[in-house]
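Enquirer:
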Amino acid sequence: MAIEHDYFGVLSSGPDGAIFWTERVEFGDQIVTVDLTAPDQDDVSQAALDTAAALIAGLEDLDATVRGAMLTEVDDRTSEVTEYILQQQETYGDELEDVLVDISGDAAVDIIRSLRLASMTILADEHGGIEPFAVLEYALDVDNTDDVLLVNLGSDGAVLSVMSAD
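In this text, residue positions in the sequence shown follow this note's numbering: the first is 583, and each later residue adds one.
#1: Can you pull the DSSP bridge partners for Gln612?
#2: Helix, strand or coil for Gly687, going by three-state DSSP, please let me know.
#3: Can you tell me whether Leu718 is helix, strand or coil according to DSSP?
#4: Starting from Ile712 and walking both ways along the alpha helix (DSSP H), at which residues does that stretch end?
#5: Let's test the definition: count the other Cβ atoms within 10 Å of the Cβ of Ile693 and tell me whether it reaches 16, buried, or not, exposed.
#6: Does the segment 726 to 739 come into contact with the segment 626 to 644, if we say contact requires no fewer than three beta-carbon pairs (one atom in each stretch) closer than 8 Å?
#7: Put Leu735 into one of helix, strand or coil per three-state DSSP.
#8: Mapping the DSSP letters down to three states, classify Ser746 as helix, strand or coil.
#9: Using a Cβ distance threshold of 8 Å, determine whether the segment 690 to 710 contacts the segment 663 to 674, with at least three qualifying pairs required.
#10: Could you spell out where the alpha helix (DSSP H) holding Leu699 opens and where it closes?
#11: Between Leu678 and Gln669, which are expected to be in contact by the criterion C-beta below 8 Å, what is the C-beta distance as a whole number of angstroms?
#12: Would DSSP call Val724 helix, strand or coil?
#13: The alpha helix (DSSP H) that contains Leu641, what's its start and end?
#14: Is Arg698 near Ala721, with beta carbons less than 8 Å apart?
#15: Can you check whether the CB of Ala636 is closer than 8 Å to the CB of Pro621?
#16: Compute the beta-carbon to beta-carbon distance between Val626 and Ala700, rounded to the nearest angstrom, for a pair I have assumed lies under 8 Å.
#17: Could you check what DSSP says for Phe741 in three-state terms: helix, strand or coil?
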């Protein structure tokens, strides 16, 4: 069986009924890996695929929303974003400025601005539910998959949570 969509083309399911689509999408000066997955194609609606396509097409605006949400968590000393920032400051030490793309003097802001969007995973079967519909992965160093922030989004593009991968 297969699902056809204007943006994704034909999504064929495997023998277990799962679907998977992956593409590398240009985003600013970087390439972001975008995956769409669902364990059972019967749980994927056209509305879910339309929403997924809109999130991908609006990646620039979505990224700005996500970074804004991260900034609001900086004032909370117990937030995962604050812990991530402190961890990066400790890891890089005096060499932190070498990995930052913008230096304003506020390390938290500079780290959030310098994060690279490494990937976006869309869980197409979670459309309209309470579980995350998409997960964005951010890192200062995209080659270091241990030091990342994961941002969970609802199908409306709203930030549900931000957490570190460890």
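The C-beta atom is built at its ideal place from N, Cα and C for all residues, glycine as well.
Small disclaimer: the values here were computed from a predicted structure and weren't measured.
Expert: Reading it off the structure:
#1: Counting from one through the sequence shown, the residue named residue 612 turns up at place 30. The partner list for Gln612 (beta bridge, DSSP) reads Phe609.
#2: Taking the sequence shown and counting its residues from 1, the one referred to as residue 687 is at position 105. If DSSP states are grouped into helix, strand and coil, Gly687 belongs with coil.
#3: The residue you call residue 718 lines up with position 136 of the sequence shown. Strand at Leu718.
#4: As a position in the sequence shown, residue 712 is number 130, starting the count at 1. No alpha helix (DSSP H) holds Ile712; DSSP gives it neither H nor E.
#5: On the sequence shown, position 111 is the one that residue 693 refers to. Looking at its Cβ environment, which holds 16 or more other Cβ atoms inside 10 Å, Ile693 is buried.
#6: yes
#7: Within the sequence shown, residue 735 is the residue found at index 153, counting from 1. Reduced to three states, the DSSP call for Leu735 is strand.
#8: Indexing the sequence shown from 1 puts residue 746 at position 164. Strand.
#9: yes
#10: For the purposes of this step, residue 699 is taken as residue 117 along the sequence shown, with counting starting at 1. Careful: Leu699 lies outside any alpha helix (DSSP H), inside the beta strand (DSSP E) at Arg698 to Leu705.
#11: In the sequence shown, the residue the question calls residue 678 occupies position 96. In the sequence shown, the residue the question calls residue 669 occupies position 87. Not a contact, Cβ separation roughly 11 Å.
#12: As a first step, residue 724 must be located in the sequence shown, where it is residue number 142. In the structure shown, Val724 sits in coil (DSSP, three-state: anything other than H, G, I, E or B).
#13: As a working note, residue 641 is residue 59 in the sequence shown. Where Leu641 is concerned, the enclosing alpha helix (DSSP H) stretches over Leu641 to Glu655.
#14: Taking the sequence shown and counting its residues from 1, one reaches residue 698 at position 116. Taking the sequence shown and counting its residues from 1, one reaches residue 721 at position 139. Yes, the pair counts as a contact, with Cβ atoms nearer than the cut-off.
#15: On the sequence shown, residue 621 is found 39 positions in, with the first residue counted as 1. On the sequence shown, residue 636 is found 54 positions in, with the first residue counted as 1. Contact flag unset, no.
#16: As a working note, residue 626 is residue 44 in the sequence shown. As a working note, residue 700 is residue 118 in the sequence shown. Their Cβ separation, rounded to whole angstroms, is 24 Å, which puts Val626 and Ala700 out of contact at 8 Å.
#17: Sequence index remark: in the sequence shown, residue 741 carries index 159 (1-based). The displayed chain sequence assigns Val, not Phe, to residue 741. The answer is strand: DSSP assigns Val741 an E or B state.
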